[in-house]
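Student: Quick one: the structure is below, and I'll ask about it shortly.
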Amino acid sequence: MSSLPFNRPPLGGREFEYLRQAFDRREFSGNGDFTNRCQDWLKRRMGLADALLTQSCTAALEMAAILACLEPGDEVIMPSFTFVSTANAVVLRNAVPVFIDIRRDTLNIDETLIEAAITPRTKAIFVVHYAGICAEMDPIVAIARRHGLMVIEDAAQALLSTYRGRPAGALADLGCFSFHETKNAMSGEGGALIVTDPSLAERAFVIWEKGTNRRAFKLGQVDKYTWMDCGSSFLPSEITAAVLLAQLEEVERFNSERQAVWSRYDEAFTDLESADLVRRPHVPAHCQHNSHLYYLLLRDQATRDGLIEALRVQDIWAPFHYIPLHSAPAGLRYGRTPGDLPVTDRTSVSLVRLPLFAGMCMEEADRVIDGVQRTLRRPS
Ligand SMILES: *Cc1c(COP(=O)(O)O)cnc(C)c1O
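First residue of the sequence shown? That's 30 in this note's numbering, and the numbers climb one at a time after it.
What follows is the structure, given as structure tokens:
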């Protein structure tokens, strides 16, 4: 039987056509026509917030950390159950990630633990929408407003997800998306920064282009461009943007194909959950998700590792996910962890992700379902 990968990036169909146009125009560097079209696409879906394409979500998070004016020793509250980039962006400003636990149901930051972690040094809260299911943004933003903190969404996985009908990525001050090849729309590497707070937009465009006002110059607003602020080369090339536009134009289709597989998994595993053998993802009624990933929580690490191995033997690739940041070597060196994080620790060792991508056929999904059911129902 053929190998079933965890991810197989789909093609929108017009990638080569758009690349050819970029080549024909001899437009390769950033901030050209394809970049603008991608940014307009994002802007329309983000309630008209400003959108800046970046080389990655990592880069967008780094821009957000600069825009949050983090100073050495400042603190940023975030979940430990996330990708390293969320914390690295803070550490690169010599600021301190403060790690708190996640909710048992959605695996997102536990908003009830935020207030106790706030100190006079706290500047911001970084929120992650795990699996494309939004964190509890209304209470989080309310806490932030009460304490004068900025809220930054790591919405890497959440393109077109919504929270109470509002788009993920534009629910707070700044939002960061990823277009890495494992995400719902991809350009190999890629990302975007969404700026919902209009007072940050002008500075964002300066940071984006090496700390210069080159964009204002291009728009004819100033007659020469110069070094205005700190910054870096955060913008991607037109080659990346051409591929991304072809993907964004088809991402609704990609998402509905993902959703078909997600729902088939979820239905099939109802019985295993009733038998207390697995826990399935929890989607709050007020959150619409983009079927970014399907995971199962197993009873313990041995069961989880056994399932991964049993699937691997059938050539099905089902990986685990985040190793907690608070207890990783760099987390111990750079971070602060005010208390135990029992849900994070337990989730990390018991979670498995199942193959899920646009274009996956139902026979492939059924092969995974069959593999999981047979492994977990086997008397041990
Ligand atoms: C994928 C991902 C990132 C990193 O995205 P890149 O575009 O690869 O930099 C950051 N945070 C989360 C939660 C992610 O899932």
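We put the beta carbon where it would ideally sit given N, CA and C, even for glycine.
I need the boundaries of the beta strand (DSSP E) containing residue 179, first residue and last residue.
Tutor: Mapped onto the sequence shown, residue 179 falls at position 150. 179 to 183 is the span of the beta strand (DSSP E), which, as asked, contains residue 179.
Student: Cβ-heavy atom distance between residue 217 and ligand 1 below 7 Å?
Tutor: The residue you call residue 217 lines up with position 188 of the sequence shown. For ligand 1, not one heavy atom lies less than 7 Å from the Cβ of residue 217.
Student: Shorter than 8 Å from the beta carbon of residue 252 to some beta carbon of chain C?
Tutor: Any reference to chain C falls outside this structure, which holds one protein chain only.
Student: Since residue 389 contacts residue 223 with CB under 8 Å, what's their CB separation in whole angstroms?
Tutor: If you number the sequence shown from 1, residue 389 lands on position 360. If you number the sequence shown from 1, residue 223 lands on position 194. Contact doesn't hold; Cβ gap of about 29 Å is too wide.
Student: I'd like to know whether the C-beta atoms of residue 374 and residue 358 end up nearer to each other than 8 Å.
Tutor: The sequence position of residue 374 within the sequence shown is 345, counting from 1. The sequence position of residue 358 within the sequence shown is 329, counting from 1. Going by C-beta atoms, residue 374 is not nearer than 8 Å to residue 358.
Student: To test your reading of the DSSP string, which unbroken alpha helix (DSSP H) runs of 4 or more residues are found completely within the segment 181 to 242?
Tutor: Complete alpha helix (DSSP H) runs here, min 4: 230 to 237.
Student: With DSSP as the reference, please indicate the residues paired to residue 153 in a beta bridge.
Tutor: Sequence index remark: in the sequence shown, residue 153 carries index 124 (1-based). Bridge partners of residue 153: 105, 179.
Student: Can you name, in chain order, every residue of its own chain whose Cβ lies under 6 Å from the Cβ of residue 279, other than the five neighbours on each side?
Tutor: As a first step, residue 279 is located in the sequence shown; it is residue number 250 there, counting from the start. Here the set comprises 41.
Student: For residue 262, count neighbouring C-beta atoms within 10 Å of its own C-beta (all shown protein chains included) and say buried if the count is 16 or more, exposed if not.
Tutor: Counted from its first residue, the sequence shown places residue 262 at position 233. Its Cβ having fewer than 16 others within 10 Å, residue 262 is exposed.
Student: Using the beta-carbon count (16 or more within 10 Å), is residue 329 buried or exposed?
Tutor: Stepping through the sequence shown from its first residue, residue 329 is reached at position 300. Answer is exposed; the Cβ neighbour count stays below 16.
Student: Have a look at 101, 300, 271, 344 and flag the residue whose alpha-carbon is nearest the alpha-carbon of residue 363.
Tutor: As a working note, residue 363 is residue 334 in the sequence shown. With distances taken between Cα atoms, residue 363 lies closest to 101.
Student: Just to confirm, does residue 314 get its C-beta within under 7 Å of one of the non-hydrogen atoms of ligand 1?
Tutor: Position 285 of the sequence shown, counted from the first residue, corresponds to residue 314. No, ligand 1 has no heavy atom inside 7 Å of this Cβ.
Student: Answer with buried or exposed for residue 151, where buried requires no fewer than 16 other C-beta atoms within 10 angstroms of its C-beta.
Tutor: As a first step, residue 151 is located in the sequence shown; it is residue number 122 there, counting from the start. It counts as buried.
Student: Leaving out five residues before and five after residue 137 in sequence, what residues of the same chain have Cβ atoms less than 8 Å from its Cβ?
Tutor: One-based indexing of the sequence shown puts residue 137 at position 108. Correct list, in chain order: 108, 131, 156, 157, 158, 159, 162, 163, 164, 165.
Student: Across which residues does DSSP place residue 316 in a beta bridge pair?
Tutor: Stepping through the sequence shown from its first residue, residue 316 is reached at position 287. Its beta-bridge partners are 192.
Student: Roughly how many angstroms separate the alpha carbons of residue 339 and residue 144, rounded to a whole number?
Tutor: Mapped onto the sequence shown, residue 339 falls at position 310. Mapped onto the sequence shown, residue 144 falls at position 115. C-alpha separation (whole angstroms): 43 Å.
Student: Taking the CB atoms as reference points, tell me whether residue 94 and residue 225 lie closer together than 8 Å.
Tutor: Within the sequence shown, residue 94 is the residue found at index 65, counting from 1. Within the sequence shown, residue 225 is the residue found at index 196, counting from 1. No, they are not a contact pair.
Student: Would the C-beta of residue 86 count as close to ligand 1, meaning under 7 Å from any of its heavy atoms?
Tutor: Here the question's residue 86 lines up with position 57 in the sequence shown. For ligand 1, at least one heavy atom lies less than 7 Å from the Cβ of residue 86.
Student: Should residue 186 be counted as a contact of ligand 1 given a C-beta to heavy atom distance under 7 Å?
Tutor: The residue you call residue 186 lines up with position 157 of the sequence shown. Correct: residue 186 has its Cβ closer than 7 Å to ligand 1.
Student: Provide the residue span of the beta strand (DSSP E) that contains residue 324, from first to last.
Tutor: Counting from one through the sequence shown, the residue named residue 324 turns up at place 295. Note, residue 324: beta strand (DSSP E), 323 to 327.
Student: Mapping DSSP to helix, strand and coil, what is residue 162?
Tutor: Walking along the sequence shown from the start, residue 162 turns up at place 133. Of the three classes helix, strand and coil, the one that applies to residue 162 here is coil, per DSSP.
Student: Could you pull out every unbroken alpha helix (DSSP H) segment of at least 4 residues lying fully inside the segment 117 to 148, listed in chain order?
Tutor: Within the segment 117 to 148, the complete alpha helix (DSSP H) runs of at least 4 residues are 143 to 146.
Student: For ligand 1, is there a heavy atom less than 7 Å away from the beta-carbon of residue 280?
Tutor: Here the question's residue 280 lines up with position 251 in the sequence shown. No - ligand 1 has no heavy atom lying nearer than 7 Å to the Cβ of residue 280.
Student: Indicate whether residue 326 and residue 312 have their beta-carbon atoms separated by less than 8 Å.
Tutor: Along the sequence shown, read from residue 1 onward, the residue named residue 326 stands at position 297. Along the sequence shown, read from residue 1 onward, the residue named residue 312 stands at position 283. No, the pair does not count as a contact, with Cβ atoms beyond the cut-off.
Student: Does the beta carbon of residue 112 fall short of 7 Å from some heavy atom of ligand 1?
Tutor: The residue you call residue 112 lines up with position 83 of the sequence shown. Checking every heavy atom of ligand 1 against the Cβ of residue 112, one is found closer than 7 Å.
Student: Using DSSP with H/G/I as helix, E/B as strand and the rest coil, what is residue 295?
Tutor: Along the sequence shown, one-based indexing puts residue 295 at 266. Helix.
Student: Determine the closest residue to residue 112 out of 173, 128, 229, 83, with distance taken between C-alpha atoms.
Tutor: The count along the sequence shown starts at 1 and reaches residue 112 at position 83. Of the listed residues, the one whose Cα sits closest to residue 112 is 128.
Student: What's the call for residue 234, buried or exposed, on a 16-neighbour Cβ count within 10 Å?
Tutor: Translated into the one-based positions of the sequence shown, residue 234 becomes position 205. Under this definition residue 234 is a buried residue.
Student: Determine the burial state of residue 141: buried for a count of at least 16 other Cβ atoms within 10 Å of its Cβ, exposed for fewer.
Tutor: Position 112 of the sequence shown, counted from the first residue, corresponds to residue 141. With fewer than 16 other Cβ atoms within 10 Å, it is exposed.
Student: Cα separation between residue 367 and residue 146?
Tutor: Here the question's residue 367 lines up with position 338 in the sequence shown. Here the question's residue 146 lines up with position 117 in the sequence shown. Cα to Cα, residue 367 sits roughly 7 Å from residue 146.
Student: State the DSSP-derived secondary structure class of residue 58, mapped to helix, strand or coil.
Tutor: Numbered from 1 along the sequence shown, position 29 holds the residue referred to as residue 58. If DSSP states are grouped into helix, strand and coil, residue 58 belongs with coil.
Student: If we call anything under 8 Å between Cβ atoms a contact, is residue 213 one with residue 248?
Tutor: For the purposes of this step, residue 213 is taken as the residue at position 184 of the sequence shown. For the purposes of this step, residue 248 is taken as the residue at position 219 of the sequence shown. No, the pair does not count as a contact, with Cβ atoms beyond the cut-off.
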